[in-house]
Amino acid sequence: MPPLEIALAVIRGTGSVIWIKRGTQPSLGFWALPGGRIEPGEAPLEAARREVHEETELVVTGGAPLAVLRERFESADGTHLYDVIVHVALFDDPGGEPVAADGVSATRRSLEPPAPALAPDQRLATLTPGDVPHLLIARIRVVGEDLEILSWNEQPAAIG
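Everything in the sequence shown is counted per our numbering, starting at -18 for the first residue and increasing by one.
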């Protein structure tokens, strides 16, 4: 089975990051970074921009790849079920007030993630490109779940 590919957006302003509260399952009630599935033929940065607009009605431009992660999901007996490839992009905060839109029940700007937050989202938002990538491994563990860093951009290009 080919991996599911998703894009996450870290939208950084002065001393804050934009968070969304998931309004639907499977992450109902959890705070996370804006993001979702990459559509067929869509580039990861394009998907991240689209998801930001769908979930917050904000329009972000530019952006820079920050990391690519692989989450491996297995059954309790160790049988491989599927992989999720997570493309993380960094954007400047475009200003304006984020609106809780598609599948989102609330939005917030804060430096720290509101509780309860989905991991690795809470770690990704506080890291700078120079931070040690292995910090991403610190996350909420689920039976059989594993996270691997496939790429890490130490110095993302201009994001504006």
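Backbone N, C-alpha and C fix where the C-beta goes; we use that ideal spot for every residue, glycine too.
Classification of Val113 by the beta-carbon crowding that lies within 10 angstroms, buried from 16 upward: At Val113, the pLDDT of 31 sits below 50, so the modelled position is not reliable and the matter cannot be decided from this model.
Own chain, CB closer than 7 Å to Arg89, minus 5 neighbours either side, in chain order: Trp0, Pro95
Cβ shell of Ile66 (< 6 Å), same chain only, five flanking positions each side left out: Pro(-16), Glu(-14), Arg51
For Gln6 and Thr60, the rounded distance between their alpha carbons: 24 Å
Whole-Å CB distance - Leu(-11) paired with Val69, under 8 Å assumed: 5 Å
Contact belief for Gly10 with Glu32 at Cβ below 8 Å, rounded distance in angstroms: Actually they do not touch by this definition, with Cβ atoms about 19 Å apart.
Close Cβ partners of Arg30 (< 7 Å) along its chain, the five nearest in sequence each way excluded: Val41, Gly44
Of the listed residues Pro46, Arg3, Glu38, Leu92, nearest to Glu27 (C-alpha basis): Pro46
Same chain, Cβ closer than 8 Å to Asp58, five either side skipped, listed in chain order: Hits under 8 Å: none found.
Secondary structure, beta strand (DSSP E): runs of 3+ residues fully inside the segment 32 to 98: 45 to 55, 61 to 73, 85 to 91
Helix, strand or coil at Leu14 according to DSSP, with G and I counted as helix: In this structure, Leu14 counts as coil in the three-state DSSP scheme.
Alpha-carbon spacing of Ser(-3) relative to Pro15, whole angstroms: 14 Å
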